[in-house]
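Written out below as structure tokens is the structure these notes cover.
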Amino acid sequence: MRRNPRPPAVSEQPPPEGCRPSTPGWRRWLRRLLPVVVVVLALQTVSGQIPGLDQIEPVVADGELAWIGVALLAEILSMSLFARQQTNLLKGVGVHASLGGALALAYTRSALSISMPAGTAVSAAYAFQRFRRWGASREAATAVMIMSGVSSFVALALLYVAGYLLIFLASPVSTWQAQPTLTLAVLTVSAGTAALLVRHRLRARASLTIDGPVNEEDLDFLATAPDPAAGDAGRPTRSGLVRAQLRRLGQLLRDVAAVAESMPRRHRTAALGLSALNWLADLACLVAVAQAFHLPLDLLQLGTIYVAAQLVRQIPITPGGIGVIEATLLAALTAAGAEPAAAAATVLGYRLLSCWLVIPAGLTTWAFLRRADRRATAEPATAPEAGPAATGPVTATAAVPETTTVAAGTKTVVANG
1 MRRNPRPPAV
11 SEQPPPEGCR
21 PSTPGWRRWL
31 RRLLPVVVVV
41 LALQTVSGQI
51 PGLDQIEPVV
61 ADGELAWIGV
71 ALLAEILSMS
81 LFARQQTNLL
91 KGVGVHASLG
101 GALALAYTRS
111 ALSISMPAGT
121 AVSAAYAFQR
131 FRRWGASREA
141 ATAVMIMSGV
151 SSFVALALLY
161 VAGYLLIFLA
171 SPVSTWQAQP
181 TLTLAVLTVS
191 AGTAALLVRH
201 RLRARASLTI
211 DGPVNEEDLD
221 FLATAPDPAA
231 GDAGRPTRSG
241 LVRAQLRRLG
251 QLLRDVAAVA
261 ESMPRRHRTA
271 ALGLSALNWL
281 ADLACLVAVA
291 QAFHLPLDLL
301 QLGTIYVAAQ
311 LVRQIPITPG
321 GIGVIEATLL
331 AALTAAGAEP
341 AAAAATVLGY
351 RLLSCWLVIP
361 AGLTTWAFLR
371 RADRRATAEP
381 ATAPEAGPAA
391 TGPVTATAAV
401 PETTTVAAGT
411 KTVVANG
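In terms of the UniProt record's numbering, the sequence shown opens at residue 1 and continues consecutively.
As structure tokens, this is what we get:
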């Protein structure tokens with residue numbers, strides 16, 4: 001079926017003045033200054049707890065290098081688990097990506113998210129393009145990205161609930177007296193999660209019929225169809241624009257839900273498990289650094305502080321949570337009873353391994369992926385030899401590169417890198 005051309009009136013007539021997507025200057029300046037203000041306020045909050053370099057140097061010199069090596073290995077394992085989560089979700093939608101390419105993408109995404117303004121959006125866009133290059137359809141690539149984020153957040157929340165339940169089981173009376181509201185909320189969430197798991201088990205036995213995701217022609221039609229809420233002169237009203245955006249968002253969510261439901265359950269369960277192991281490996285990095293600098297805190301205290309810092313990190317105020325995470329960790333460690341110098345050395349060591357060293361590593365993998373793309377593009381696409389009959393002109397379909405779009409259910413083999 002041939003796709004109908006887009007209506008030329010959309011590009012020929014400029015949008016009305018009141019509907020142009022323009023951003024006021026004060027909002028642009030607010031977005032630029034807000035991260036700076038947040039970092040300054042965070043540092044001002046812990047200004048009295050930041051020791052001098054003369055106090056940190058003896059602690060760093062007395063640190064144990066063996067535990068620093070363990071922390072480095074734990075952080076490498078964390079990145080590897082994240083890459084395996086990506087390959088597992090891609091395999092669930094029929095795309096086979098190599099672990100090396102997924103690991104390079106994980107470092108590149110992390111470096112982009114940490115080092116650039118609006119790094120989260122830039123990282124997501126880069127991952128979407130990479131998934132498409134590897135053979136995923138538009139709906140499948142979007143579903144993988146959303147499911148990856150949801151799995152990571154749910155796994156972090158479950159780890160927090162599990163840790164708090166351990167505290168409650170160790171000392172139920174004192175925990176209830178100290179935090180009755182939080183304890184009630186955690187118990188309610190635990191009971192609700194158990195009920196949902198049982199309900200999902202029961203519904204899994206019933207047959208489920210799902211229509212496949214819409215194709216790109218349907219999405220193009222939705223993008224170019226006239227808005228039924230437009231005014232008499234054909235100009236879209238403000239409420240019509242909002243309804244159009246909500247309609248497209250709803251269609252996208254339904255499409256992603258269809259892809260997620262069509263994914264085998266083992267891939268979704270494995271993605272959640274790999275996300276939990278990813279967080280635990282990153283927590284092991286913090287614990288190892290704390291051991292290296294002789295921090296007098298147990299695993300339960302460090303785990304609580306770690307989860308609280310990661311929940312703060314989910315608010316994308318600064319790239320990679322720079323400034324905010326350091327201030328949160330330093331304030332929490334000193335409040336838990338650690339010496340300011342040992343706490344500062346622990347925060348610097350953990351952030352060096354989990355954040356700052358990722359930037360040069362990610363830039364290296366980005367250059368590697370870009371060179372691999374150039375090499376793949378430069379290779380001439382030749383038709384298979386078929387004797388004397390192959391001397392005729394080659395059709396256009398014989399020179400299509402590897403970026404051909406496939407449906408969510410098909411399988412595509414991706415080369416390393």
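Glycine residues also receive a C-beta, built at the ideal position from the N, C-alpha and C atoms.
Asked                                                                                                             : Found
Inter-stretch contact at 8 Å, needing at least 3 Cβ pairs: the segment 282-295 / the segment 334-347              : yes
Whole-angstrom C-beta distance between residue 366 and residue 108, which should lie under 8 Å                    : 4 Å
Whole-angstrom distance between residue 251 and residue 223, CA atom to CA atom                                   : The predicted position of residue 223 is uncertain, since its pLDDT is 48 and thus under 50; no value can be drawn from it.
Residue 355 vs residue 167 beta-carbon contact at 8 Å                                                             : no
For residue 134, the three-state DSSP class (helix, strand or coil)                                               : coil
Helix, strand or coil at residue 227 [DSSP, three-state]                                                          : Here residue 227 scores only 47 on pLDDT, less than 50, and its place in the model is too uncertain to base an answer on.
Residue 325, buried or exposed, once every other Cβ within 10 Å from all chains shown has been counted against 16 : buried
Residue 75 - DSSP class collapsed to helix/strand/coil                                                            : helix
Cβ shell of residue 283 (< 7 Å), same chain only, five flanking positions each side left out                      : 303 and 306
Nearest-angstrom beta carbon gap, residue 67 and residue 301 [assumed within contact, 8 Å]                        : So it is not a contact: roughly 17 Å between Cβ atoms.
Spatially closest choice to residue 57 from 358, 362 and 344, by CA coordinates                                   : 344
Assigned exposure category for residue 319 - 16 Cβ within 10 Å defines buried                                     : buried
Element boundaries [alpha helix (DSSP H), containing residue 300]                                                 : 299-313
Any chain D beta carbon closer than 8 Å to residue 103                                                            : Chain labels in this structure do not include chain D; a single protein chain is all it has.
Secondary structure of residue 295, DSSP reduced to three states                                                  : coil
CB of residue 186 within 8 Å of CB of residue 161, strictly                                                       : yes
As assigned by DSSP and simplified to three states, the class of residue 334                                      : helix
Contact belief for residue 285 with residue 75 at Cβ below 8 Å, rounded distance in angstroms                     : 5 Å
Classification of residue 378 by the beta-carbon crowding that lies within 10 angstroms, buried from 16 upward    : exposed
Pick from 258, 163 and 121 that is closest to residue 93, judged by C-alpha positions                             : 258
Three-state secondary structure assigned by DSSP to residue 196                                                   : helix
Where residue 147 sits in the DSSP three-state scheme                                                             : helix
Residue 81 beta carbon less than 8 Å from that of residue 281                                                     : yes
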